[in-house]
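Peer 1: Residue numbers (the working numbering), protein chains in the order written: chain A, 251 to 431; chain B, 251 to 431. No residue lacks a Cβ here, since even glycine has one placed at the ideal position from N, Cα and C. What follows is a single structure, and I will ask about it in a moment.
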DNA sequence: AGATTTACGTCAGCCATGTTGACGCTTATG
DNA sequence: CATAAGCGTCAACATGGCTGACGTAAATCT
């Protein structure tokens, strides 16, 4: 194993506080790296669970957002995922074939297809959520409330302001009945 | 454009502080979502720059880590990227064909291939870094020093403890002369 | 010294997930 | 009634993962 080889002069246990001139290269790189490895590790467990069912990350993302906003139309999901409808259609086709997701005709606008999870879909999404949750809960718990707020603040700052409302809308309790355009 | 449709009851401008019981589902989901969108947006600019040269994200990751630890052997890079040698070899092949990366025989262990960037490789890596840097700098600046520390702390907590030394070693100034196993 | 292991290279094929372009249908809307 | 919007679908292609198998040089163990 080469694992140990990256270790040289060794590393303090706790993160060092951001310096007053916290915009220098080293601190930018640190953020980039932690974001990359943090994200990778967060989803690692879910990937395994997904693979066991013959599904991939793309399926998880769709399941996740549909769970988050039941009744969401396809167009909104496309905006969130930022992929083409052809890519999404493959994924949704798989999920529907497995009866994890169903479509219903929009009530206000009959051109729309509203997405929601079946009981089986919701159950799977819950399992996948738990894979992510364990890691996040531990990280939040060790870091403390203050750090979590900082974590949210920095990440929000990485998102272009015009995209933030879309993302913050996910956090509203109410399931989406889509507003008229 | 359906963008505006995800907007419903609307969103406060600044992030809300983590609640005392900050381990509940809503706050976990918020972290998951911000991490996903934050990461996606961070790399978006670099992706465009890469595509303009006919390269992909995989090439960037290799360039990035080689820039970070010049002289790093292949095995260490494999550990960081967590992919197979076959996947990496395609990427490194491309980078060498374009004379962005060179290999030299290991000094201590002649079986190893030490990786480093050519001048052109370093120049490209710098351009790509700047794509990421702009976003991160803005996010750090708006969030403030305290938030940045929290951001680091939570992300570090997402990484399994046994992997942290490898990642923290990236942040040591010194270029790697690989330690004997 | 000889056997074994390590570090790396390589060929071949497969899979997941993204892309572009084109065309069609139903429903809303001006 | 014409046009636009929301969605479905076919076809082809690119990227970047994967497995499996096999080879070679150098280090290490006995």
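Exposed or buried, which one is residue 359/A when buried takes at least 16 other CB atoms within 10 Å?
Peer 2: Residue 359/A should be labelled exposed.
Peer 1: Would you say residue 320/B lies against chain A (beta-carbon separation less than 8 Å)?
Peer 2: Answer no: the Cβ-Cβ gap between residue 320/B and chain A never drops below 8 Å.
Peer 1: With burial defined as no fewer than 16 other Cβ atoms inside 10 Å of the residue's Cβ, what is the status of residue 411/B: buried or exposed?
Peer 2: Label assigned to residue 411/B: exposed.
Peer 1: Give a yes or no on whether the minimum CB-CB distance between residue 376/A and chain B is below 8 Å.
Peer 2: No, no contact with chain B.
Peer 1: Within 8 Å of any Cβ in chain A, is that where the Cβ of residue 284/B sits?
Peer 2: Closer than 8 Å: yes.
Peer 1: Classify residue 353/A as helix, strand or coil using the three-state DSSP reduction.
Peer 2: Residue state, collapsed to three classes: strand.
Peer 1: Just curious, the alpha helix (DSSP H) that residue 311/B is in, first and last residue?
Peer 2: Start and end: 307-318.
Peer 1: Do residue 355/A and residue 278/B have their C-beta atoms closer together than 8 Å?
Peer 2: Cβ distance not < 8 Å, so residue 355/A and residue 278/B don't count as in contact.
Peer 1: Does the beta-carbon of residue 326/B have 16 or more other beta-carbons within 10 angstroms, so that it is buried, or is it exposed?
Peer 2: Buried: at least 16 other Cβ atoms inside 10 Å.
Peer 1: Using three-state DSSP, classify residue 411/B as helix, strand or coil.
Peer 2: Looking at residue 411/B - three-state DSSP - the assignment turns out to be helix.
Peer 1: Run down chain A in chain order and give the residues with a C-beta less than 7 Å from the C-beta of residue 364/B.
Peer 2: Within 7 Å Cβ-Cβ: nothing; residue 364/B doesn't reach chain A, min ~12 Å.
Peer 1: Can you give the beta carbon distance from residue 320/B to residue 367/B, rounded, assuming they're within the 8 Å contact cut?
Peer 2: That belief holds up - the Cβ atoms of residue 320/B and residue 367/B are roughly 7 Å apart, short of 8 Å.
Peer 1: Would you say residue 404/B lies against chain A (beta-carbon separation less than 8 Å)?
Peer 2: Output row for residue 404/B: interface = yes.
Peer 1: Counting C-beta neighbours from all protein chains within 10 Å, is the total for residue 307/A 16 or more, i.e. buried, or is it exposed?
Peer 2: By the neighbour-count rule (16 or more Cβ atoms within 10 Å), residue 307/A is not buried but exposed.
Peer 1: Please name the residue in 282/A, 335/A, 287/A and 281/A whose C-alpha comes closest to that of residue 414/B.
Peer 2: Cα-wise, what sits closest to residue 414/B is 287/A.
Peer 1: Interface residues of chain A around residue 417/B at Cβ under 7 Å?
Peer 2: Simply 283 and 287.
Peer 1: What residues from chain B crowd round residue 340/A, counting only those whose CB sits closer than 8 Å?
Peer 2: Within 8 Å Cβ-Cβ: nothing; residue 340/A doesn't reach chain B, min ~20 Å.
Peer 1: Specify the secondary structure class of residue 420/A as computed by DSSP and reduced to three states.
Peer 2: Residue 420/A: coil per DSSP, three-state reduction.
Peer 1: Please name the residue or residues paired with residue 366/A in a DSSP beta bridge.
Peer 2: BP columns for residue 366/A point to 352/A.
Peer 1: In the DSSP output, what is residue 322/A paired with across the bridge?
Peer 2: In DSSP, residue 322/A forms a bridge with 365/A.
Peer 1: Is the separation between the beta-carbon of residue 195/B and that of residue 407/A shorter than 8 Å?
Peer 2: An answer regarding residue 195/B cannot be provided, because it is not within the stretch 251 to 431 covered by chain B.
Peer 1: Figure out for me which residue from 328/B, 276/B and 294/B has the closest Cα to the Cα of residue 379/B.
Peer 2: Here the closest residue by C-alpha is 294/B.
Peer 1: Quick check on DSSP: helix, strand or coil for residue 344/A?
Peer 2: Helix, per DSSP.
Peer 1: Does the pairing of the stretch 394-406 of chain A with the stretch 389-397 of chain B give three or more beta-carbon distances under 8 Å?
Peer 2: Cβ pair count under 8 Å is three or more, so yes.
Peer 1: My output table needs one value for residue 388/B: the three-state DSSP class, helix, strand or coil.
Peer 2: Correct three-state label for residue 388/B: helix.
Peer 1: Can you find the residues in the same chain that come closer than 6 Å, C-beta to C-beta, to residue 421/B, ignoring five residues on each side of it along the sequence?
Peer 2: Cβ within range, chain order: n/a, list empty.
Peer 1: Which residue's Cα is closest to the Cα of residue 331/A: 347/B, 289/B and 317/B?
Peer 2: It is 289/B whose Cα lies nearest to the Cα of residue 331/A.
Peer 1: Give a yes or no on whether 8 Å exceeds the smallest Cβ distance from residue 435/B to chain A.
Peer 2: Look at the range of chain B in this structure, 251 to 431, and you will see that residue 435/B is not part of it.
Peer 1: Would you grab the beta carbon distance between residue 341/A and residue 309/A for me? Rounded to a whole angstrom, and I think it's under 8 Å.
Peer 2: Residue 341/A to residue 309/A, Cβ: 6 Å. Contact.
Peer 1: I need the straight-line Cα distance from residue 374/A to residue 337/B, nearest angstrom please.
Peer 2: About 31 Å.
Peer 1: Quick one, which residues of the stretch 304-315 of chain B are near chain A if we go by CB-CB under 7 Å, in chain order?
Peer 2: Residues: none.
Peer 1: Output needed in chain order: residues of the stretch 345-371 of chain A with a Cβ under 9 Å from some Cβ in chain B.
Peer 2: Hits within the stretch: zero.
Peer 1: Using beta carbons (cut-off 8 Å, strictly below), is residue 272/B in contact with chain A?
Peer 2: Annotation note: pLDDT 45 at residue 272/B (below 50); position unreliable, no value reported.
Peer 1: Do residue 353/B and residue 365/B have their beta-carbon atoms positioned less than 8 Å apart in this structure?
Peer 2: Yes, they are a contact pair.
Peer 1: Which same chain residues end up closer than 8 Å to residue 416/A when comparing Cβ atoms and leaving out the 5 residues on each side of it in sequence?
Peer 2: Excluding positions up to five away in sequence, the list reads 329 and 330.
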